[in-house]
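Undergrad: Questions regarding the structure given below will be posed in turn.
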Amino acid sequence: MTSPADIVPGPVSPEDADGPVPFSAAEILERCDILATHSSRIGAIERSYLTAEHARTNWTVGEWMAEAGLEPWQDAAGNQRGTLAGPEDDAPVLMLASHLDTVPGAGRYDGILGTLMAIAVVGRLSAKGVELPFGIEVLGFADEEGTRFGRTLLGSCAVAGAWQDSWWDLKDAQGISLRTAFEAFGLDPSRIEEAALPREQVLGYLEAHIEQGPLLEDAGRALGVVTGIMGARRFDLTMIGEAGHAGGMPYGRRRDGLLGASELVTAIEELSRDNGAIGTVGRMQAFPGAANVIPGRAEFSLDLRAETDALRDHVWDLIQERAEKICAARNLSFEAVERHDATATVVGTRLADAIRAGIAATGDAEPLELLSKAGHDAMAVASLTDYAMLFVRCGGGISHHRDESVIEADVALALDAFEAAVLDLARDFC
Ligand code: HGY
Ligand code: MN
Ligand code: MN
């Protein structure tokens, strides 16, 4: 066995003519391409919770975990996990994780890259015979995006012990409840608590992820260290008026729900931007939905984020005030149902220092610091343990889009940095 102090981060074997070097950036990118085919749609990536694609992905990733020296298993929430035992039964556990589910029409790196990087780092350390002073739990979370049931971070909430019984009644677009979907997947809802990690055993949580924004690229940097993650709330909004004849009903008497919603959508941009928050309406539908019928009802979503929960909640108050004014002017009513609420979080100092040390080991002595505007499983895990995150540059800042891209050289640097961060923590124990 080799001491962490004697390890140099980097790939483990010379180039193999038959394929990429094990646990290298090239191998990870090849595997991202493989997982991109585990999709419910032809020609697009969509992999949501408790589906056949989810099961297939867990199986495939479990095989890769085993190759890396991890004991693969699927937990009670459907997360794919791989365990590397520590030196003693009660040794602390370092979590290395990201997610394996996707949004509809996704790219192939959001969440996937970080999960495969975590596996590769363990594979490298195992291949080098490193004796770590802690155990490692690699987690491929099953539902970060909330694509199927509207509520995000389900997989990581289960691991953090923050599962809520009210979620069992959440329904997908087909009316299938989360409870029924669990059972159809072969999971037992009554055992959900078994997915949780005991707080006293956990040392911390590290996640690598593509930036999903353009700041690293604009700064000419491959890697960055995250300082915190914006809090987010999501709502289903409805503007209710009255349907009517598109020709016969005079303007003065119309109660057009879609026009009310449209006014509010532009107000959401204005109020969010002017107050330093980020508001997005990503979905809107008019009812009854015919060219010659005044839309009596419009349903739309709101995703609202800010650096602090207080700022985010203040902007939500402003949006509701504006909705009331629009309703008064157009003789409409407004309903809002909250679907998701995640608190803004900041990273743990010691763990973020490990990420900084990891990036410094790759030659960038003063890594760029970034506040994550995207949500991550780390937000849920923050209620269990400290977290830190490494960001990797992505092309054009594009994410949640099929054109998501990374370059192999950046992933190679990120792997070295992530490995060095784990070794930095390990040296504290030696
Ligand atoms: O929406 C988010 O921020 C994350 O990508 N799920
Ligand atoms: Mn995402
Ligand atoms: Mn993600």
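The sequence shown runs 512 to 941 under my numbering. Beta carbons are placed, not taken as given, at the ideal position from N, Cα and C, and that holds for glycine.
Which word fits serine 667, buried or exposed, when buried means at least 16 other C-beta atoms lie within 10 angstroms of its C-beta?
TA: buried
Undergrad: If you follow the alpha helix (DSSP H) that valine 572 is part of, which residue opens it and which one closes it?
TA: 563 to 578
Undergrad: Do you know offhand how far lysine 682's Cα is from leucine 689's?
TA: 6 Å
Undergrad: Give the single residue among Ala743, Asp939 and Gly755 whose Cα lies nearest to the Cα of aspartate 861.
TA: For the record, residue 861 in the displayed sequence is arginine; it is not aspartate. Asp939 is the residue among Ala743, Asp939 and Gly755 whose C-alpha sits nearest the C-alpha of arginine 861.
Undergrad: Taking 7 Å as the CB-CB cut-off, is valine 519 touching chain D?
TA: The structure shown contains no chain D; it is built from a single protein chain.
Undergrad: For ligand 2, enumerate in chain order all residues having a CB closer than 6 Å to any of its heavy atoms.
TA: Val614, Asp621, Glu656 and His911
Undergrad: Hey, could you find the ends of the beta strand (DSSP E) methionine 760 is sitting in?
TA: Premise fails: methionine 760 is in no beta strand (DSSP E) and is neither H nor E.
Undergrad: Alpha carbons only, please: which of Asn842, Asp621 and Ala821 is nearest the one belonging to valine 903?
TA: Minimum Cα distance to valine 903 is reached at Asp621.
Undergrad: May I ask you to check if the CB of glycine 768 is nearer than 6 Å to at least one heavy atom of ligand 1?
TA: no
Undergrad: Closest by CA to leucine 546, which one among Glu574, Lys639 and Glu846?
TA: Glu574
Undergrad: Using DSSP with H/G/I as helix, E/B as strand and the rest coil, what is serine 812?
TA: strand
Undergrad: Going by beta carbon distance, what residues of the same chain come within less than 8 Å of isoleucine 556, once the five residues before and after it are set aside?
TA: Ala547, Ser550, Thr613, Gly616, Ala617, Gly618, Arg619 and Arg913
Undergrad: Nearest CA to the CA of aspartate 529: which residue from Glu538, Gly521 and Val826?
TA: Glu538
Undergrad: Taking only three categories from DSSP, how would you classify serine 1010?
TA: Any answer about residue 1010 is impossible in this case: the structure gives the chain only from 512 up to 941.
Undergrad: State yes or no: is the C-beta of glycine 646 within less than 7 Å of the C-beta of alanine 596?
TA: yes
Undergrad: Report whether the distance from the Cβ of glycine 807 to the nearest heavy atom of ligand 1 is below 6 Å.
TA: no
Undergrad: Got a sec? Which residues, its chain only, sit under 6 Å from isoleucine 553 by beta carbon, not counting five neighbours each side?
TA: Excluding positions up to five away in sequence, the list is empty.
Undergrad: Might you give, ordered along the chain, the residues of its own chain that have their beta carbon closer than 8 Å to the beta carbon of aspartate 544, omitting 5 neighbours on each side?
TA: Arg619
Undergrad: Can you list, in chain order, the residues of its chain with a C-beta nearer than 6 Å to that of aspartate 814? Leave out the 5 residues immediately preceding and following it.
TA: Contacts found: Arg745 and Thr791.
Undergrad: With respect to 6 Å, is the separation between the Cβ of glycine 886 and the closest non-hydrogen atom of ligand 1 below this value?
TA: yes
Undergrad: Can you list, in chain order, the residues of its chain whose CB lies under 7 Å from that of alanine 788, leaving out five sequence neighbours each side?
TA: Leu815, Arg816, Ala817, Leu822, Arg823 and Val826
Undergrad: Return the first residue and the last residue of the beta strand (DSSP E) that serine 844 is part of.
TA: Where serine 844 is concerned, the enclosing beta strand (DSSP E) starts and stops at 844 to 853.
Undergrad: When burial is assigned at 16 or more other CB atoms within 10 Å of the CB, is tryptophan 674 buried or exposed?
TA: Flag for tryptophan 674 reads buried.
Undergrad: Does threonine 513 come out as helix, strand or coil in the three-state DSSP assignment?
TA: strand
Undergrad: Can you tell me which of the three DSSP states methionine 890 falls into?
TA: helix
Undergrad: With a 10 Å radius around its C-beta and 16 neighbouring C-beta atoms as the bar for buried, classify threonine 513 as buried or exposed.
TA: exposed
Undergrad: Under the DSSP definition of a beta bridge, which residues are partnered with serine 951?
TA: The structure shown does not extend to residue 951, since the chain spans only 512 to 941, so no value can be given for it.
Undergrad: Determine whether the beta carbon atoms of alanine 669 and alanine 706 lie at a separation below 7 Å.
TA: yes
Undergrad: Looking at C-alpha atoms only, which residue of Leu561, Arg662 and Ala684 is the closest neighbour of aspartate 676?
TA: Arg662
Undergrad: Round the Cβ separation of histidine 610 and phenylalanine 652 to the nearest angstrom and send it over; I've been treating them as touching at under 8 Å.
TA: 4 Å
Undergrad: In terms of residues, what are the limits of the beta strand (DSSP E) holding arginine 744?
TA: 742 to 751
Undergrad: In or out: histidine 756 buried (at least 16 other Cβ within 10 Å) or exposed?
TA: Exposed: under 16 other Cβ atoms inside 10 Å.
Undergrad: If you run the structure through DSSP and keep just helix, strand and coil, what is proline 531?
TA: The three-state reading of DSSP puts proline 531 in coil, since its state is none of H, G, I, E or B.
Undergrad: Under the three-state reduction of DSSP, which class applies to glycine 869: helix, strand or coil?
TA: helix
Undergrad: Identify the residues that DSSP records as bridge partners of glutamate 880: which are they?
TA: Val736
Undergrad: Starting from the Cα of aspartate 852, find the closest Cα among Leu769, Met890 and Glu835 and give me that residue.
TA: If we check each option's Cα against that of aspartate 852, Met890 comes out closest.
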